[in-house]
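To start, the structure itself, in structure tokens.
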Amino acid sequence: MGVQQKTSMPKTRLVGRTLYAIDRYLHVLSLKMSEELILEWTIFIGIYVFLLVLFFFNIYLCLSFLILYVILRIIQSRYKKLLPVKSKAVLVTGCDRGFGHHFARHLDDVGFTVYAGVLHKDSAGAKKLKSHSSKRLHVLQLDVTCDSDIKEAVAFITAHSKNKGLWGVVNNAGVNVVGDMETTPIDQINRCLSINLFGMIRVTQQVLPMIRKSQGRIVNISSVMGRYSAQGDSAYHMSKSALESVSDSLRLEMRPCGVGVSIIEPGKFDAATTCNDPEIVKIRRNEVDIQWERATEEVKSFYGKDYFYRFFLKDNRENSAESPDKVIEAVVDALLNEAPRARYLVPGSSRLIDIHAIFARLNGYFPEIISDVVYTWFTGAHKPAKILKNH
Numbered sequence: 001m002g003v004q005q006k007t008s009m010p011k012t013r014l015v016g017r018t019l020y021a022i023d024r025y026l027h028v029l030s031l032k033m034s035e036e037l038i039l040e041w042t043i044f045i046g047i048y049v050f051l052l053v054l055f056f057f058n059i060y061l062c063l064s065f066l067i068l069y070v071i072l073r074i075i076q077s078r079y080k081k082l083l084p085v086k087s088k089a090v091l092v093t094g095c096d097r098g099f100g101h102h103f104a105r106h107l108d109d110v111g112f113t114v115y116a117g118v119l120h121k122d123s124a125g126a127k128k129l130k131s132h133s134s135k136r137l138h139v140l141q142l143d144v145t146c147d148s149d150i151k152e153a154v155a156f157i158t159a160h161s162k163n164k165g166l167w168g169v170v171n172n173a174g175v176n177v178v179g180d181m182e183t184t185p186i187d188q189i190n191r192c193l194s195i196n197l198f199g200m201i202r203v204t205q206q207v208l209p210m211i212r213k214s215q216g217r218i219v220n221i222s223s224v225m226g227r228y229s230a231q232g233d234s235a236y237h238m239s240k241s242a243l244e245s246v247s248d249s250l251r252l253e254m255r256p257c258g259v260g261v262s263i264i265e266p267g268k269f270d271a272a273t274t275c276n277d278p279e280i281v282k283i284r285r286n287e288v289d290i291q292w293e294r295a296t297e298e299v300k301s302f303y304g305k306d307y308f309y310r311f312f313l314k315d316n317r318e319n320s321a322e323s324p325d326k327v328i329e330a331v332v333d334a335l336l337n338e339a340p341r342a343r344y345l346v347p348g349s350s351r352l353i354d355i356h357a358i359f360a361r362l363n364g365y366f367p368e369i370i371s372d373v374v375y376t377w378f379t380g381a382h383k384p385a386k387i388l389k390n391h
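One point on numbering: in the UniProt record's numbering, the residue at position 173 of the sequence shown is 173, and numbering is uninterrupted.
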């Protein structure tokens, strides 16, 4: 018997099939379908081309993915359709400083009626909003942990909306609490969850009737830290992960109502916010002081005082993006895009890449034995004093 030769598809046939797939792809684009459907086609054709070309293991693999990448980028920029801003009103929480302050001012600049919720109406940030904004911006007393504040804010919006409802809410108010789970008092964890998670729920529940009426948008500000967990920020990771889970459920619940729900996940933007503002630093320092004072003697002996202050003393501005513009763009897109994304992961960093955003994208793809080592190395986590002594 002769040796049976292995047959293979001619390369010309491969090229033909690849071009046909791209042609079908462009046909779908010409129909100007929704972003979700276009993304589904992109994934389908990407898998098709990958399997087809990988069988031959040649240059067509690189070329095919390059073509698909370029086409997808063109779609995202060319076929994005934004709704008009005219007559649209938005409530933004946490506008005293940081992202919320930037959001409120920019949304006012582009023509929204803005209801800017602040923790203190006499704060420097609140005064700046009043003096540097148009008459469309209204500063409201709004502590997201206070039911009476929320109800009064909703009553004010209802009275001033002239039956037009509320187009959107940007749930931005949030805090961070530094510390491991064992070293963080339960009242500090409760405060973090009360603002970051339950504050969002309280506000959203109260404004949903107005947003349903306008078939508008809910935009929840999370973080890349909502996608992965690392040592030293247990309460914050917990709050943002829970926020994302609730947002996913809300998105499905609101779909029949025509309401869009989006999550914004900023990466390394510490220098663009007030994370290192003297007032914030003082609050964090006091929180760590309380953690040390309340710790039992056994905990103090095991961890050591340096361990408690390791993350507090770290300068988070290093390699951070200095401008919030990318995050602002994501918020505007979530509010006005006809087909808003479910998630907007926004890389920051002053470097070419944002390693935090990369971790967020890849989390879940690697086994824990790898991801745990990488996260521990990256965060520069210190070991407790007793463990260091034993080594």
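For every residue, glycine included, the Cβ atom is placed at its ideal position computed from N, Cα and C. Nothing here was measured: the structure is a model prediction, and the numbers come from that model.
Query                                                                                                                        : Result
Residues of its chain near residue 392, where Cβ-Cβ distance is below 6 Å and the 5 sequence neighbours each way are ignored : No statement about residue 392 is possible, as the shown extent of the chain runs from 1 to 391 and does not include it.
Pairwise C-alpha distance: D233 and K383                                                                                     : 15 Å
Exposure label - C257; buried when at least 16 CB within 10 Å                                                                : exposed
Cβ pair count under 8 Å reaching 3, the region 136 to 151 against the region 105 to 125                                      : yes
Proximity winner among I189, C192, G168, relative to G260 (alpha-carbon distances)                                           : G168
6 Å CB neighbourhood of T113 in its chain, flanking five on each side removed                                                : A89, R136
V246 in three-state terms, based on DSSP                                                                                     : helix
Secondary structure of A321, DSSP reduced to three states                                                                    : coil
Option nearest V224 by Cα separation, candidates W377, K86, F359                                                             : F359
For Q206 and D147, the rounded distance between their alpha carbons                                                          : 10 Å
Local conformation of T296 per DSSP, three classes                                                                           : coil
Rounded straight-line distance, which links the Cα of I280 to that of H106                                                   : 23 Å
Same chain only: Cβ atoms within 7 Å of G226, ignoring 5 sequence neighbours per side                                        : K240, S241, L243, E244, E265
Whole-angstrom C-beta distance between G165 and M210, which should lie under 8 Å                                             : 4 Å
For P278, three-class secondary structure by DSSP                                                                            : helix
Inside the region 143 to 204 only - alpha helix (DSSP H) runs reaching at least 4 residues                                   : 147 to 160, 186 to 193
Nonlocal neighbours in the same chain, by C-beta distance under 8 Å from R202, ignoring five residues either side            : V144, T145, D147, I150
For R191 and P84, the rounded distance between their alpha carbons                                                           : 38 Å
N- and C-terminal bounds of the beta strand (DSSP E) containing H138                                                         : 137 to 141
Residue range of the unbroken beta strand (DSSP E) whose run includes G125                                                   : Run containing G125: none in the beta strand (DSSP E); it sits in the alpha helix (DSSP H), 124 to 131.
Own chain residues within Cβ distance below 8 Å of V299, not counting five before or after                                   : E182, T183
Other residues of its chain near V110: CB distance less than 8 Å, five sequence neighbours each side excluded                : V85, V332
Terminal residues of the alpha helix (DSSP H) in which Y309 lies                                                             : Premise fails: Y309 is in no alpha helix (DSSP H) and is neither H nor E.
Euclidean distance between Cα positions of S123 and D96                                                                      : 7 Å
Opposing strand residues paired with L233 [DSSP bridges]                                                                     : According to the sequence shown, residue 233 is Asp rather than Leu. Per DSSP, G179.
Residue burial classification, V108 (beta-carbon count within 10 angstroms, cutoff 16)                                       : The amino acid occupying residue 108 in the given sequence is Asp; Val does not appear at that position. The residue in question, D108, is buried, as its Cβ has 16 or more Cβ neighbours within 10 Å.
Sheet register partners of S262 (DSSP bridge)                                                                                : V219
Limits of the unbroken alpha helix (DSSP H) element including A342                                                           : From DSSP, A342 is part of no alpha helix (DSSP H); its letter is neither H nor E.
Cut-off 6 Å between Cβ atoms - residues of its own chain near M254, not counting five sequence neighbours on either side     : V261
7 Å Cβ shell around E338 - same chain, five flanking residues per side excluded                                              : K81, L83
Y236 versus F103, L91, K326, G179, residue with shortest Cα-Cα distance                                                      : G179
Integer Cβ distance of Q291 from F308, believed to fall under 8 Å                                                            : 6 Å
Separation of K127 from D277, as counted between CA atoms                                                                    : 18 Å
Residues near G100 in its chain [Cβ-Cβ closer than 6 Å; skip 5 each side]                                                    : V92, G94, N172
Proximity of V175 and I195 at Cβ, strictly below 7 Å                                                                         : yes
Euclidean distance between Cα positions of R343 and I218                                                                     : 12 Å
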